[in-house]
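Protein sequences appear in the order of chains E and X.
So for the first sequence, this note's numbering puts the first residue at 981; every next one is plus one.
So for the second sequence, this note's numbering puts the first residue at 981; every next one is plus one.
The beta-carbon is built from N, C-alpha and C at its ideal position, and this holds for glycine as well.
Quantities reported herein were computed from a predicted structural model and do not represent experimental measurements.
There are 2 protein chains.
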Amino acid sequence: MQKKTSLKDIAQVVGVSTALVSYVLNNKKENRISKEVAKRIRQVAKDLNYQPNQIAKSLKTSRTRTLGLIVADIANPFFATLARYIEDEADKHNYTVIFASSDENPDKCQKLITTLLNRQVDGLILAPPAGVESQVIDLQKKGIPLVLVDRYFPDIRTSYVALNNFQAMYTAVGHLAKAGYRRVGMITLDTDLFHITERTRGYLAALQDNHLTTRRSWLKSIGPSNLPADVARTLQAFTTGPQPIEAVLFASNVIAMAGLKAIKSLSVAVPNELAVVCFDETDAYGLFDTPLTYIRQPVQELGQLAVSVLLDTLAIPSQITQINLDGQLIGQASTQPVSILLPD
Amino acid sequence: MQKKTSLKDIAQVVGVSTALVSYVLNNKKENRISKEVAKRIRQVAKDLNYQPNQIAKSLKTSRTRTLGLIVADIANPFFATLARYIEDEADKHNYTVIFASSDENPDKCQKLITTLLNRQVDGLILAPPAGVESQVIDLQKKGIPLVLVDRYFPDIRTSYVALNNFQAMYTAVGHLAKAGYRRVGMITLDTDLFHITERTRGYLAALQDNHLTTRRSWLKSIGPSNLPADVARTLQAFTTGPQPIEAVLFASNVIAMAGLKAIKSLSVAVPNELAVVCFDETDAYGLFDTPLTYIRQPVQELGQLAVSVLLDTLAIPSQITQINLDGQLIGQASTQPVSILLPD
DNA sequence: CAAATTAGTTTAATCGTTTAAACTAATAAA
DNA sequence: TTTATTAGTTTAAACGATTAAACTAATTTG
């Protein structure tokens, strides 16, 4: 392995001190350095293909130009896409990103945080799993630049970039009400995470405001184990019986995928027997029989803003920025107005 | 921001030199150090919540315990899943991974390589875009531990972990032949990348060996711009005309998604009018009308092996390991035997 | 023309570790 | 008792950069 060139090597060749080389290559003290020497240094640096050792640089400056990103699972399309936008935005500012997946597990999250901090990331973008409030508070105490993304804790004052989940679900229910659906159910995740509970709150509030019936049994929370089977069972319950629901909202992309598969295997006709609203956007929806109505998250903005808020925090540590972005309801055939389907 | 504790802090509290603290916490010279002092040091380290500064450590040892991973696009489910397995496997060995997306662009790839090397990653896992042969050779010259994944260059002797793409496609065509399909087309990517050309080679060889007709027009390569439209146009051409093809192979997950959408919008019946074989596994296939036959890549093994081969290379730099894993054909209704479909 | 300023460069400390080598005091061997 | 050995610990250099401060020689100012 050929050794990399260091400042010292350049200094030796040119016959100056490493300090001077450093000044030149960092464009410092420009007015003080003779043009010829600067030129020679730059030339030699180029000839020797000098690449600064970021580790050494970091040790001295205690800035690594590296950001840590912890999501639930990088293999989940939502997070994969988010990660991609974060990567691109970070790169624009000459930052590198280290990703890690917490699997919604607080212990794993703590471990990842420690690992990332030991690597001296300059800041952290975190999609926190449930139950990490103390970890977040701890990070704040330590003064680690931090921005939460996708989820946040309403009781802890941190920077965050998230969807206005209440509004998103509220709008979706409104859309269904307007289309004439009266019996509207929802399948959601069984979790205390604020972004999910907000979706439930939006659903319930919209039912009320649109004068739709609220039934406890029409709102079903499902845990992560056996999720597909539980979703299928729920849908079966929803659609059979004397008074089946007319429309269902899936409160996350994972629920939606499971729900759509169940709908297929139960041979429920969409939207004739059941109208459907999904959460998140994915390529996969394109393969479903009926074009699907869904709530689109502005993933790109989410990612870009997370980075820029974090970089702002790096500059002004005390600054707290809280951003709620609106989701967009993409109306398609899966929630076509009942009146059109059933002409009188 | 409260300052992190350093070796020095511990040394001060205990009243010993930093060297001793370092020896104790790294379990070196164990037989030389007095038990009581060791115990005190460990206790104080714990009390002060000491976390070693990896940057300083790295500078001294020139090992960062960080791996670089460059894929085409982390938002692509195949790479996202691969990345996840790589992350997990690396973590098992106490390594951290930095991901980056090349967008199949050689210049971007070069830039990413440079960035990662400046951050002193210990090794590189690379899914190389087309045209980076020189970059790979360069890395080898520099003695950077490297393993290619998913794709490789047959003319360059590097470690790699990849699918046996020839075999995968060959098997798929054999499966179609056995099921009675005679007129078999394929849609592939227009690229020189070995893994893709191997798929084509497998297709052609299998046609021949199964005594199926080979027609130039039944093999269509499609570039990345306007991919969905081009795929749709191709499928229309395939299925109309006097002698339409009976089965089609999609040579990548991106092609498959575009193809399946096109099949839907063209209202082609699967498998009655057209049998379909897809590449890669994705959740999305579950939403298609007909259960799809597909070639499953062992993504988990791919990821795990990539890491372990790389770690081996770290230990024995001269060692080259080349692994070709077999794909698995998952036969489903989309390639149901013709005899069953058309009983005589 | 001496003193002050300026230009151009170097010195040396520092970041937080690691680690070979040196040192000291206690113990064992001769 | 002197010498050699061993145990326990410290010293100090090094990794590759950054940067305040010091230095020197040339130039300007009074």
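Measure the alpha-carbon distance for residue i versus residue j and round it to whole angstroms.
i       : j       : result
K1326/E : R1213/X : Because chain E here runs from 981 to 1324, residue 1326/E falls outside it and cannot be looked at.
R1162/E : L1192/E : 6 Å
T1171/X : P1109/X : 10 Å
T1378/E : P1317/E : Residue 1378/E falls outside the range modelled here, since chain E spans only 981 to 1324, and no answer is possible.
L1039/X : K1088/E : 27 Å
Q1034/E : L1096/E : 17 Å
S1082/X : A1107/X : 9 Å
A1186/E : L1187/X : 59 Å
E1067/E : K1009/X : 43 Å
D1210/E : A1152/E : 23 Å
I1202/X : A1231/X : 11 Å
Q1326/X : N1029/X : It is not possible to answer for residue 1326/X, since the shown part of chain X is limited to 981 through 1324.
G1160/X : R1276/X : 22 Å
L1291/E : R1020/E : 35 Å
I1156/X : P1208/X : Sequence inspection shows Leu at residue 1156/X; the Ile mentioned does not correspond to that position. Cα to Cα, the separation comes out at about 25 Å.
V1017/X : F1079/E : 39 Å
Q1115/X : K1122/X : 11 Å
P972/E  : K984/X  : Residue 972/E falls outside the range modelled here, since chain E spans only 981 to 1324, and no answer is possible.
V1234/E : D989/X  : 48 Å
N1145/E : Y1274/E : 13 Å
V996/E  : R1043/X : 30 Å
D1071/E : N1098/X : 14 Å
S986/E  : Y1003/E : 14 Å
L1092/E : I1050/E : 8 Å
L1047/X : T1293/X : 12 Å
S1076/X : I1124/X : Note that residue 1076/X is Thr in the sequence shown, not Ser. Rounded to whole angstroms, T1076/X to I1124/X spans 17 Å at the Cα level.
Note down, in chain order, every chain X residue with its Cβ under 7 Å from the Cβ of residue i.
i       : result
T1076/E : I1078, T1095, R1099
D1269/E : D1269
S1081/E : R1064, E1067
T1061/E : A1055
Taking CB distances under 9 Å as the criterion, tell me whether residue i reaches chain E.
i       : result
P1108/X : no
P1278/X : no
N1056/X : yes
D1071/X : yes
T1046/X : yes
A991/X  : no
If we cut at 9 Å on Cβ distances, does residue i have a partner in chain X?
i       : result
G1266/E : yes
T1219/E : no
I1105/E : no
E1067/E : yes
M1166/E : no
L1207/E : no
T998/E  : no
Looking at the ligand FMN, does it come within less than 8 Å of residue i, judged from the CB to the closest heavy atom?
i       : result
Q1115/E : As for the ligand FMN, it is missing from this structure, which has no ligand bound.
At 8 Å on the CB atoms, spell out the chain X contacts of residue i, in chain order.
i       : result
D1053/E : R1064
Starting from residue i, find everything on chain E with Cβ-Cβ shorter than 7 Å and list it in chain order.
i       : result
D1325/X : Here chain X covers residues 981 to 1324 and nothing more, so residue 1325/X does not appear.
Can you pull the chain X residues whose beta carbon is under 9 Å from the beta carbon of residue i, in chain order?
i       : result
L1039/E : N1033, I1035, A1036, S1038, L1039
(Q) Along the region 1294 to 1317 of chain X, where does the CB come closer than 7 Å to a CB of chain E? Name the residues. (A) none
Q: Note down, in chain order, all residues in the region 1003 to 1037 of chain E with a beta-carbon under 8 Å from any beta-carbon belonging to chain X.
A: Q1031, P1032, N1033, Q1034, I1035, A1036
Q. For the region 1215 to 1249 of chain E, which residues have a beta carbon sitting closer than 8 Å to at least one beta carbon of chain X?
A. M1237, L1240, K1241, K1244
Q: Would you mind listing the alpha helix (DSSP H) stretches within the region 1139 to 1196 of chain E that are 4+ residues and don't spill past its ends, in chain order?
A: 1145 to 1158, 1174 to 1189
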